[in-house]
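Asker: What the sequence shown shows, in this note's numbering, is residues -19 to 269, in sequence order.
By construction, the Cβ of each residue, glycine as well, lies at the ideal position given by its N, Cα and C atoms.
Quick caveat, the model's predicted, so the values are computed rather than measured.
Right, I'll just put the structure down here and ask away after.
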Amino acid sequence: MRSVVWSLMTVAAVALAGCNSSSNSSSPSSAGTEDQSAATPAAAANTVTGTITLRGGITPSNQDKLVINLVDVTAQGSAPLATKTIAPATTFPLKFELDFSPANVAPNDLYIVQVELTDGERHYSMPIQAPVLTKGNPVANVTIELAPEQTPGEKMLAAFQGLQKQIGGMKRTSGTKLEPNASRAWQVFRDGTEVKFIRELVDYGDKGFTSTDYAYKDGKPWVVQQQKKANQGAKATSTDTAGWGDDGSLVLKTHEAGGNTDTLSDSDAASLQQQSKEILNLATNGKGK
């Protein structure tokens, strides 16, 4: 009877020891795995992604060029961390992806995505900066909006229209001239002694009527806008506008007719420039001022 009891106790002890041994051997292995997982850092970002849209729903031509740069603005003058050029970029919204090396990222620096779109004379820029990558800023789903800037011609036209609104406060003189095929009348507007503006009306009888505004800078033609009509009381059938930069280059050149706006030809612009010189000479008795 004793021998049977001893045998059962021995079996139980051996079994218990085996369980403890199994439990103890698995515990260090599991802890080691957890420690190893905790010690492995998350992979650093190596891509910035986002979407570019155009304000106003404008559709650029097939000659445009889009340049995207990832720039460190803290280290001014440094080369972009990443850059991409797309030409043409005619479909917007446009998704982009910039790949870079995480080793080149300075955690305390500020990074932004810079985007520029050029479409002929038209440039598009970012009204709002797009910080990314560091200081809690995103690396994915970055939203960028581009807004159109005025072209040089549009800036000139706006300045010309501003001058038109000012002529009421300038010194004014007037004159007339009867010619074989036309009746001509004009008003000269001066700021001090300098001619700034001349408004001319020419009646060609059954051949039509023109109303022309001439603006000058330093005694030289600056902007000319001429409306052609069937007669003085009629609506304009066309409006031609030309303007020249300080170097004499043709900056503004538009022809409007029938609700459409086209580019004014160089020859028509040259004709307006010549008319501007002739009326200045006529209205100032050859003095030019």
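Specify the secondary structure class of I259 as computed by DSSP and reduced to three states.
Answerer: Along the sequence shown, one-based indexing puts residue 259 at 279. I259 falls in the helix class under three-state DSSP.
Asker: According to DSSP, is N49 helix, strand or coil?
Answerer: The sequence position of residue 49 within the sequence shown is 69, counting from 1. Three-state DSSP puts N49 in a strand.
Asker: Where D220 and F72 are concerned, what is the direct C-alpha to C-alpha distance, given to the nearest angstrom?
Answerer: One-based indexing of the sequence shown puts residue 220 at position 240. One-based indexing of the sequence shown puts residue 72 at position 92. Roughly 33 angstroms separates the two Cα atoms.
Asker: Please identify the residue among L260, K208, V168 whose C-alpha is closest to the C-alpha of G186.
Answerer: On the sequence shown, residue 186 is found 206 positions in, with the first residue counted as 1. Rather than Gly, the amino acid found at residue 186 in this sequence is Asp. Ranking the options by Cα distance to D186, first place goes to K208.
Asker: Apart from the five residues on each side of it in sequence, which residues of its chain come closer than 8 angstroms, Cβ to Cβ, to L113?
Answerer: Stepping through the sequence shown from its first residue, residue 113 is reached at position 133. Hits under 8 angstroms: A25, V28, L50, V85, Y91, V119.
Asker: Would you mind reading off the limits of the alpha helix (DSSP H) that contains D60?
Answerer: To locate residue 60, count along the sequence shown from 1; it is residue 80. According to the sequence as given, residue 60 is Pro; it is not Asp. Taken as a continuous stretch (DSSP letters only), P60 belongs to no alpha helix (DSSP H), as it is neither H nor E.
Asker: So, is V168 buried or exposed, given that buried needs 16 or more other C-beta atoms within 10 angstroms?
Answerer: Within the sequence shown, the letter at position 188 stands for residue 168. Flag for V168 reads buried.
Asker: Can you name the residues that DSSP bridges to D79?
Answerer: Mapped onto the sequence shown, residue 79 falls at position 99. T27.
Asker: Around the Cβ of T217, are there at least 16 other Cβ atoms within 10 angstroms (buried) or fewer (exposed)?
Answerer: Residue mapping note: residue 217 aligns to position 237 of the sequence shown, counting from 1. Label assigned to T217: exposed.
Asker: Please report the straight-line C-alpha distance between L262 and G36, rounded to a whole angstrom.
Answerer: Residue 262 sits at position 282 when you count from the first residue of the sequence shown. Residue 36 sits at position 56 when you count from the first residue of the sequence shown. Answer to the nearest angstrom: the Cα atoms are 46 angstroms apart.
Asker: For I32, which residues in the same chain have their Cβ closer than 7 angstroms to its Cβ, ignoring the five residues on either side in sequence?
Answerer: One-based indexing of the sequence shown puts residue 32 at position 52. Around I32: F72, P73, L74, F76, V95, I124, L126.
Asker: Once you ignore the five residues that flank T241 on each side, which residues in its own chain have a CB closer than 8 angstroms to its CB?
Answerer: Counted from its first residue, the sequence shown places residue 241 at position 261. Only T234, H235 meet the Cβ criterion.
Asker: Taking 8 angstroms as the threshold (C-beta atoms), are K45 and T98 in contact?
Answerer: Looking up residue 98 in the sequence shown gives position 118. Looking up residue 45 in the sequence shown gives position 65. Cβ distance < 8 angstroms, so T98 and K45 count as in contact.
Asker: Starting from G133, trace the alpha helix (DSSP H) in both directions and tell me its first and last residue.
Answerer: What you label residue 133 is simply residue 153 of the sequence shown in a count that begins at 1. Start and end: 132 to 144.
Asker: Can you grab the Cα-Cα spacing for the pair G155 / S105, in whole Å?
Answerer: Looking up residue 155 in the sequence shown gives position 175. Looking up residue 105 in the sequence shown gives position 125. Straight-line Cα distance between these residues: approximately 48 angstroms.
Asker: Based on the DSSP output, what are the partners of R179 in its beta bridges?
Answerer: Sequence index remark: in the sequence shown, residue 179 carries index 199 (1-based). According to DSSP, R179 bridges with Q167, D193.
Asker: Quick test of the definition: if touching needs 3 or more C-beta pairs under 8 angstroms, does the stretch 160 to 167 touch the stretch 176 to 196?
Answerer: Enough Cβ pairs lie closer than 8 angstroms, so yes.
Asker: Assuming S154 is part of the beta strand (DSSP E), what are its boundary residues?
Answerer: On the sequence shown, residue 154 is found 174 positions in, with the first residue counted as 1. Where S154 is concerned, the enclosing beta strand (DSSP E) stretches over 151 to 159.
Asker: Using a threshold of 8 angstroms, state whether the C-beta atoms of A222 and Q254 are closer than that.
Answerer: Taking the first residue of the sequence shown as position 1, residue 222 is located at position 242. Taking the first residue of the sequence shown as position 1, residue 254 is located at position 274. No, the pair does not count as a contact, with Cβ atoms beyond the cut-off.
Asker: Skipping 5 residues on each side, what residues in its chain have a beta carbon closer than 6 angstroms to that of D193?
Answerer: Position 213 of the sequence shown holds residue 193. Closer than 6 angstroms at Cβ, skipping near neighbours: R179, Q205.
Asker: Taking the Cβ atom as the reference point for each residue, do L232 and G133 lie within a distance shorter than 8 angstroms?
Answerer: Within the sequence shown, residue 232 is the residue found at index 252, counting from 1. Within the sequence shown, residue 133 is the residue found at index 153, counting from 1. Yes, the Cβ-Cβ distance between L232 and G133 is below 8 angstroms.
Asker: DSSP three-state label for G188, please.
Answerer: Locating residue 188 in the sequence shown gives position 208, counting from the first residue. Correct three-state label for G188: coil.
Asker: Quick one: what's got a C-beta closer than 7 angstroms to S58's C-beta in the same chain, skipping five residues either side?
Answerer: Numbered from its first residue, the sequence shown carries residue 58 at position 78. Cβ within range, chain order: D52.
Asker: Would you mind sorting L158 into buried or exposed? The rule is 16 or more other CB atoms within 10 Å of its CB.
Answerer: As a position in the sequence shown, residue 158 is number 178, starting the count at 1. Counting Cβ neighbours within 10 Å, L158 comes out exposed, since fewer than 16 surround it.
Asker: Take the Cβ of A250 as the centre, count every other Cβ of all protein chains shown within 10 Å, and call the residue buried at 16 or more, exposed below.
Answerer: Counting from one through the sequence shown, the residue named residue 250 turns up at place 270. The residue is exposed, with fewer than 16 neighbouring Cβ atoms inside 10 Å.
Asker: Ignore the nearest five residues each way along the sequence and tell me which others in S41's own chain have a CB closer than 7 angstroms to its CB.
Answerer: For the purposes of this step, residue 41 is taken as residue 61 along the sequence shown, with counting starting at 1. D99, G100.
Asker: Give a single yes or no on whether E77 has its beta carbon closer than 7 angstroms to a heavy atom of the ligand FAD.
Answerer: As presented, the structure is devoid of all ligands, the ligand FAD included, so that no description of it is given.
Asker: Tell me which same chain residues have a C-beta within less than 7 angstroms of the C-beta of D183, skipping the five on either side of it?
Answerer: Reading the sequence shown from its first residue, position 203 is the one you call residue 183. Only A162, S163, F189, Q212 meet the Cβ criterion.
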